[in-house]
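Structure, as structure tokens:
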DNA sequence: CAATCATTCAACAGAATTATTGAATGATGG
DNA sequence: CCATCATTCAATAATTCTGTTGAATGATTG
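Chains as they are written, first to last, in this note's numbering: chain A, 37 to 257; chain B, 37 to 257.
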């Protein structure tokens, strides 16, 4: 039986990790942090939590080892501890896509119909950026753009897109991107641009995946 | 704000999946099921739960979509719904290896020191099996062996190994395997065999990974 | 060195999860 | 068509998790 106790401890430890992701708010926090490190207050606002509550969630995930933090001036910035954490959330999304009927309904009903066009692959976009053949449009909020973005990308947050359309050359192809495969910003931007006659497509996934693929990045700390 | 509600629903749905793995017993159940389908009663006994309790855990994971079940005679057999579920548990293990101090301690203290020798890779073992140069030893319990095993493998459960040593030719190299990277059976078998003068090594990972790699398998339903 | 302020802590009530018990279900197999 | 029996359901108590409130911490920054 001595060979079973450490096994139990192992499963219990791994279960702690899964449990730490087993909460909508925490999962959302991790996705935001996949974009780059954030302060407690910024996260609280983004996810819609009180600061104290966000702090508790963050503390829990730090204790488990999913996140690490560092001080920058008065703020404490959190980030994922390791790329394997993002692999884990990616695996979770894949299971969700295939298995969870609930999630399937959301994805199928909400995301699919927005843009039937094939997204542009990262490799293809990297090549077209190098050739200068494309306008890269980052529709995330300004602070996320500042924390890191694709080379030569211009930043127009989705909410400002309608009134800033003149900043975008109409003659060139546009590739829009945002936070990741489940972020709606780029979908909506592409839909809007196409209605206005722009040649817009969407990048597959988003900024974190671009960086994870070791493709060039500008800006950030 | 209408773009946030489905997002919340998505994260909530994914969190349900993570929560379903956020329990040591459920995680252990999934690992057992990675070996092949099992009845409720068999799982309950294996994990050390009452049948009713095991049934509840199974029902939960089936509801979430991690498991599916089918009837076979009087029994109901459960299995993982999809390979992506095993990918998810693998990602969980990787995070655990790198991040969770608790788990690191267990792995480092318990598993590492057992067999400093390099394990035999699947590819290498597949080749040596084909050449007939090696004794393949399956040290899992008999029922798990019956549900599927490596070609030409002989089955001696770890507990019987000491008294059945004479069944193993001492002249040939032995490769032992068990359930997977965190199963201790093969580690202990190799340690025991080496003390008795056998040339024993361990297969990397275990049976589920062998099957997942689409390498030949014997037995099972 | 002292004021500031982002973050964390502590304590609580409400909600959710877990394991147990014993009964109910319902398909099998004769 | 009925007895069997593996599985599921229902109800309960114990435990754990969540979010709120308000106070405490403690490093920064002037």
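Quick reminder that beta carbons are idealized off the backbone N, C-alpha and C, glycines included.
Quiz item: Is there at least one Cβ from chain A nearer than 8 Å to residue 128 of chain B's Cβ?
Solution: yes
Exercise. Taking only beta-carbon positions, decide if residue 53 of chain A is within less than 8 Å of chain B.
Key: yes
Quiz item: What does a CB cutoff of less than 8 Å around residue 94 of chain A pick up in its chain, not counting 5 residues either side in sequence?
Solution: 65, 76, 79, 103, 105 and 114
Self-check item: Inter-residue Cα distance where the pair is residue 249 of chain B and residue 241 of chain B
Solution: 11 Å
Quiz item: In the region 55-72 of chain A, which residues sit with their C-beta less than 9 Å from some C-beta in chain B, listed in chain order?
Solution: 55, 56, 57, 58, 59, 60, 61, 62, 63, 64 and 67
Quiz item: Mind pulling the chain B residues with CB within less than 7 Å of residue 47 of chain A?
Solution: 60, 63 and 64
Self-check item: Pairwise C-alpha distance: residue 126 of chain B and residue 55 of chain A
Solution: 16 Å
Exercise. Check each candidate in A:86, A:229 and A:182 and name the one with the smallest Cα separation from residue 195 of chain A.
Key: A:229
Quiz prompt | residue 204 of chain B, DSSP secondary structure in three states | solution = coil
Practice problem: Along the alpha helix (DSSP H) that carries residue 100 of chain A, what are the first and last residues, could you check? | Solution: 87-100
Quiz item: Beta-carbon separation of residue 50 of chain A and residue 57 of chain A under 8 Å?
Solution: no
Quiz item: Which residues in the same chain as residue 232 of chain A place their Cβ atom closer than 7 Å to its Cβ, once the five residues preceding and following it in sequence are excluded?
Solution: 201
Quiz prompt | is_contact[residue 105 of chain A, chain B] using C-beta, thresh 8 Å | solution = no
Practice problem: Could you please give me the residues that DSSP links to residue 268 of chain A through a beta bridge? | Solution: The first residue shown for chain A is 37 and the last is 257, placing residue 268 of chain A beyond what the model contains.
Quiz prompt | Reduced DSSP category for residue 253 of chain B - H, G, I as helix; E, B as strand; rest coil | solution = coil
Quiz prompt | 8 Å Cβ cutoff, residue 255 of chain A in contact with chain B | solution = no
Quiz item: What residue from B:173, B:243 and B:224 has the CA that sits closest to residue 210 of chain B's CA?
Solution: B:173
Quiz item: Of all the options B:107, B:193 and B:236, which has the alpha carbon lying nearest to the alpha carbon of residue 179 of chain B?
Solution: B:193
Exercise. Whole angstroms is fine: what's the gap from residue 160 of chain B's alpha carbon to residue 171 of chain B's?
Key: 13 Å
Practice problem: Please report how far the alpha carbon of residue 182 of chain A lies from the alpha carbon of residue 176 of chain A, in whole angstroms. | Solution: 10 Å
Quiz item: Between the C-alpha atoms of residue 214 of chain B and residue 112 of chain B, what's the straight-line distance to the nearest angstrom?
Solution: 25 Å
Quiz prompt | Same chain, Cβ closer than 8 Å to residue 244 of chain B, neighbours up to 5 away in sequence not counted | solution = 70, 71, 122, 215 and 216
Quiz item: If you measure beta-carbon to beta-carbon, which residues of the region 80-104 of chain A are closer than 7 Å to chain B?
Solution: 100, 101 and 102
Practice problem: Quickly, what does DSSP pair residue 114 of chain B with across the bridge? List them, please. | Solution: B:74 and B:105
Practice problem: Whole angstroms is fine: what's the gap from residue 224 of chain B's alpha carbon to residue 98 of chain A's? | Solution: 34 Å
Quiz item: Can you name the residues that DSSP bridges to residue 173 of chain B?
Solution: B:190 and B:212
Quiz item: Cα separation between residue 148 of chain A and residue 187 of chain A?
Solution: With a pLDDT of 47 at residue 148 of chain A, under the threshold of 50, the modelled position of that residue is not reliable, and no figure is offered here.
Self-check item: Alpha-carbon to alpha-carbon, residue 203 of chain A and residue 74 of chain A
Solution: 29 Å
Quiz item: Ends of the beta strand (DSSP E) at residue 230 of chain A?
Solution: Segment 221-231 is the alpha helix (DSSP H) holding residue 230 of chain A; no beta strand (DSSP E) there.
Practice problem: Below 7 Å between beta carbons is the criterion; list the residues of the region 109-133 of chain B that meet it against any residue of chain A, in chain order. | Solution: 117, 118, 120, 121, 123, 124, 127, 128, 129, 130, 131 and 132
Practice problem: Tell me whether the beta-carbon of residue 158 of chain B lies closer than 8 Å to the beta-carbon of residue 246 of chain B. | Solution: yes
Quiz item: Residue range of the alpha helix (DSSP H) that residue 238 of chain B falls in?
Solution: Careful: residue 238 of chain B lies outside any alpha helix (DSSP H), inside the beta strand (DSSP E) at 236-238.
Quiz item: Any Cβ of chain A within less than 8 Å of the Cβ of residue 202 of chain B?
Solution: no
Quiz item: Quick one: is residue 169 of chain B buried, meaning 16 or more other Cβ sit within 10 Å of its Cβ, or exposed?
Solution: exposed
Exercise. Return the chain-ordered list of same chain residues with a C-beta closer than 7 Å to the C-beta of residue 151 of chain A, the five sequence neighbours on each side being excluded.
Key: Note that residue 151 of chain A scores 46 on pLDDT, short of 50, meaning its location in the model is unreliable; the coordinates nonetheless yield the value given after this. Counting only Cβ-Cβ distances below 7 Å, and skipping sequence neighbours, we find 223, 226, 227 and 238.
Self-check item: Assigned exposure category for residue 46 of chain B - 16 Cβ within 10 Å defines buried
Solution: buried
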